[in-house]
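*Asks:* Per the numbering used here, the sequence shown starts with residue 14, numbered consecutively.
Ideal Cβ positions, reconstructed from N, Cα and C, are used throughout, including at glycine.
What follows is a single structure, and I will ask about it in a moment.
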Amino acid sequence: MNLNEMLSPAVKKIEPSGIRKFFDIVSEMKDAISLGVGEPDFVTPWRVREAGIYSLEKGHTHYTSNSGLIELRNEISAYLSRKSNITYNPKDEILVTVGGSEAIDLAIRALVSEGDEVLIPEPSFVCYKPCTVLAGGTPVTIVTKAENEFRLTPQELEEKITPRTKLLILPYPSNPTGAIMRKKDLEAIAEVIKDTNILVLADEIYSELTYEGSHVSIASLPGMKERTIVVNGFSKSYAMTGWRLGYAAGDSAIIGAMTKIHQYAIMCSPTTSQYAAIEALRNCDEDVRYMVKEYNYRRRVIVDGLRKIGLDCFEPMGAFYVFPSIKKTGLSSAEFCERLLYEEKVAVVPGNAFGESGEGFIRCSYAYSIESINEALKRMGRFVKKYI
């Protein structure tokens with residue numbers, strides 16, 4: 014028996030994540046600095062950890078409902094109301110998931126059928142294309158450009174719409190570019206799709222990490238709530254990556270379909286994490302503000318540092334990534350990252366890990382200590398000097 018031939022053709026076609034390659038090497042490399050993984054270096058706030066511990070002490074170690082604890086869904090509903098001015102019924106319009114990634118996968122599988130087209134602005138997070146392919150859909154890339162601050166423009170969107178278009182993924186603030194969409198930008202996108210049957214998957218996992226003004230959800234615009242699935246979670250803003258908790262909010266018909274898949278694949282999200290998340294939403298606004306302030310400082314340091322060593326760098330206004338161009342060096346993204354790692358022991362991610370349009374760029378995370386960022390910039394400066 015040839016087990017390789019037994020594998021699903023769709024799975025065999027999917028490439029492994031381009032983010033992980035260099036970090037397997039880094040983990041075994043002494044004195045290496047990683048600016049690669051998008052994970053906060055902050056520890057989860059103590060009151061959140063304490064709530065998780067207390068839930069265990071109280072014996073809350075059983076399954077919750079498939080949709081998640083109603084107390085948590087109530088808090089998510091209140092959070093979305095006060096932060097985004099959107100009202101969701103916690104009973105049937107909110108689903109608690111295993112991280113935002115599960116919510117993305119569930120939404121795509123619930124909506125996309127064989128031959129449906131899914132519009133994906135790129136460069137973008139690595140999971141959108143594989144999830145679309147596994148659902149039988151066709152990913153359609155929309156290339157965003159540095160000169161437009163990596164925003165999706167209505168013209169770019171219109172050019173890609175066909176009768177088969179089913180879903181637009183709107184991933185802002187963006188991983189990997191740090192780009193954001195202002196209200197006027199979202200209004201222009203809403204104008205394009207308002208008279209179509211296109212649905213929107215708004216991946217807002219970095220919504221709290223917006224550095225000038227406040228995040229605006231496209232679901233808050235007139236006529237958009239019913240056609241939008243909002244995905245968010247606790248990993249980034251509350252430094253809860255290991256707790257694996259996210260959620261989706263949307264029309265009850267779509268959330269109901271997503272819940273059916275969730276029932277059979279997962280059952281429910283981790284119970285301890287759900288109790289901890291209740292505390293995060295109720296009492297951790299100040300902790301979030303502190304972390305955002307620190308990220309903002311690091312953002313300014315790394316952007317200024319990259320420009321000083323000679324790299325063109327778009328100024329990110331959200332998330333915790335910068336996406337500098339390395340085209341001046343004459344190296345491909347993969348060559349740059351590999352040589353930087355072996356010559357200077359600094360790990361960053363090739364831009365083309367986030368789609369072909371990311372070639373000529375690298376992604377650096379500033380979710381690391383300022384000491385690590387400054388040392389990485391010093392090493393990168395030595396490296397870049399050899400090429401420009």
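#1: Roughly how many whole angstroms lie between the Cα atoms of E63 and Y224?
#2: Here's the rule: buried if 16 or more other CB atoms are within 10 angstroms of the residue's CB, otherwise exposed. What is G112?
#3: Spatial neighbours of D54 within its chain, please: CB distance less than 7 Å, with the 5 preceding and 5 following residues excluded, ordered by chain position.
#4: Would you be able to state if there are at least three C-beta pairs under 8 Å between the stretch 291–306 and the stretch 69–81?
#5: If I follow the unbroken beta strand (DSSP E) through I182, where does it start and stop?
#6: Counting only runs of 4+ residues fully inside the stretch 270–322, write out the alpha helix (DSSP H) ranges in chain order.
#7: Could you check the C-alpha separation between T145 and S97 for me, to the nearest Å?
#8: Roughly how many whole angstroms lie between the Cα atoms of A192 and G149?
#9: Using DSSP with H/G/I as helix, E/B as strand and the rest coil, what is R257?
#10: Since G343 and V397 are thought to touch, with beta carbons under 8 Å apart, how far apart are those beta carbons, to the nearest angstrom?
#11: Can you give me the C-alpha to C-alpha distance between P176 and T100, rounded to a whole angstrom?
#12: With DSSP run on the structure shown, which of helix, strand or coil describes G368?
#13: When the Cα atoms are used, what is the spatial distance from I315 to S233?
#14: Taking R257 as the reference, which of S248, I38, G263 has the closest Cα?
#15: From P134, P143, R312, A266, pick the residue whose C-alpha is nearest to that of P29; which is it?
#16: Can you grab the Cα-Cα spacing for the pair Q168 / V56, in whole Å?
#17: Residue ranges of each beta strand (DSSP E) run of no fewer than 3 residues wholly in the stretch 184–232, ordered along the chain?
#18: At what residues does the beta strand (DSSP E) containing G263 begin and finish?
#19: Rounded to the nearest angstrom, what separates V147 and T285 at their Cα positions?
#20: Pull up the CB-CB distance for L124 and I279, whole angstroms please, since I reckon it's below 8 Å.
#21: When the Cα atoms are used, what is the spatial distance from Y141 to K179?
#22: Looking at C-alpha atoms only, which residue of I231, G255, K341 is the closest neighbour of V205?
#23: Per the DSSP calculation, R376 is bridged to which residue(s)?
#24: Using 8 Å as the Cβ pair cut-off and three pairs as the minimum, do the stretch 148–165 and the stretch 304–314 touch?
#25: Span of the alpha helix (DSSP H) holding P143?
#26: Should T110 and S282 be called a contact, given that it needs their Cβ atoms to be closer than 8 Å?
#27: Closest by CA to I339, which one among F333, A332, A347?
#28: According to DSSP, is Y334 part of a helix, a strand, or is it coil?
#29: Can you tell me where the alpha helix (DSSP H) with L234 in it begins and where it stops?
#30: Got a sec? Which residues, its chain only, sit under 8 Å from E423 by beta carbon, not counting five neighbours each side?
#31: Between the alpha carbons of M271 and L212, how many angstroms are there, rounded?
#32: Can you give me the start and stop residues for the beta strand (DSSP E) that N245 sits inside?
#33: Can you tell which of A290, G226, V243, G263 has the C-alpha that lies nearest to the C-alpha of S250?
*Replies:* Let me lay it out:
#1: 29 Å
#2: buried
#3: A380, Y381, S382
#4: no
#5: 178–183
#6: 284–296, 298–321
#7: 27 Å
#8: 29 Å
#9: coil
#10: In fact, because the Cβ distance is near 11 Å, the residues do not count as touching under 8 Å.
#11: 31 Å
#12: coil
#13: 33 Å
#14: S248
#15: P143
#16: 42 Å
#17: 212–216
#18: Run containing G263: none; DSSP gives neither H nor E here.
#19: Per the sequence presented here, residue 147 reads as Leu, with Val not at that position. Roughly 30 Å between the two C-alpha positions.
#20: 18 Å between Cβ atoms; not a contact.
#21: 14 Å
#22: I231
#23: V362
#24: no
#25: 141–147
#26: yes
#27: A347
#28: strand
#29: Premise fails: L234 is in no alpha helix (DSSP H) and is neither H nor E.
#30: No statement about residue 423 is possible, as the shown extent of the chain runs from 14 to 401 and does not include it.
#31: 15 Å
#32: 241–246
#33: A290
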